[in-house]
Amino acid sequence: SNFNCKGMRAIDFGKPGAQEFIDSWAQQFADWGVDYLKLDGVGPSKTADVTAWSKALDKTGRPIALNLSASLSASSTWSPLANSWRIDGDIGASPRGYSFPLTSWA
738 SNFNCKGMRA IDFGKPGAQE FIDSWAQQFA DWGVDYLKLD GVGPSKTADV TAWSKALDKT
798 GRPIALNLSA SLSASSTWSP LANSWRIDGD IGASPRGYSF PLTSWA
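In case it helps, the numbering used here puts the sequence shown at residues 738 to 843.
Encoded structure:
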């Protein structure tokens, strides 16, 4: 579960139908023409979730890039499963949240 959101539940990937549920979402994204998917709230305890999504996206046959909010320090865990992951913390909603100078807003 995502502990930042009250009432959210985790999928037990040991139960029948769990992978098929994720497969159905991945296929829907592929049918919509999605090119990029980000999984947020990903940490070391979420390997089953990321593995399920990685498998599901591969099954669609569409090249959908998978990005994780996991930290760079865990890149050896995520590199077989995802295309990219975060390299720094959240930037927040203000310029002070950035770890690099921002000179103009687009």
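All C-beta atoms, glycine included, are put in the ideal place defined by N, C-alpha and C. A quick note: this is a predicted structure, and the numbers were derived from the prediction, not measured.
Judged by DSSP in its simplified three-state form, K792 adopts helix.
Cβ contact annotation for G780 (same chain, cutoff 7 Å, sequence separation greater than five): A807, in chain order.
When DSSP assignments are scanned along the region 773 to 822, the uninterrupted stretches of alpha helix (DSSP H) that are 4 or more residues long and fall wholly within it turn out to be 784 to 797, 812 to 815.
Less than 8 Å divides the Cβ of A763 from the Cβ of W790. Ranked by how close their Cα comes to the Cα of F750, the residues G798, R799, T814, T784 have T784 in first place.
One alpha carbon belongs to I801, the other to A767, and they sit about 8 Å apart. With a cutoff of 8 Å on beta-carbon distance, L776 and L805 are scored as near each other. The residues D760, A763, Q764, in chain order, have a CB closer than 8 Å to that of K796 in the same chain once the five nearest residues on each side in sequence are set aside. Non-local beta-carbon contacts of W822 in its own chain, meaning distances under 6 Å to residues more than five positions away in sequence, involve L805, A807, W815 in chain order. Excluding residues up to 5 positions away in sequence, I801, A802 lie with their Cβ nearer than 7 Å to the Cβ of D772 in the same chain.
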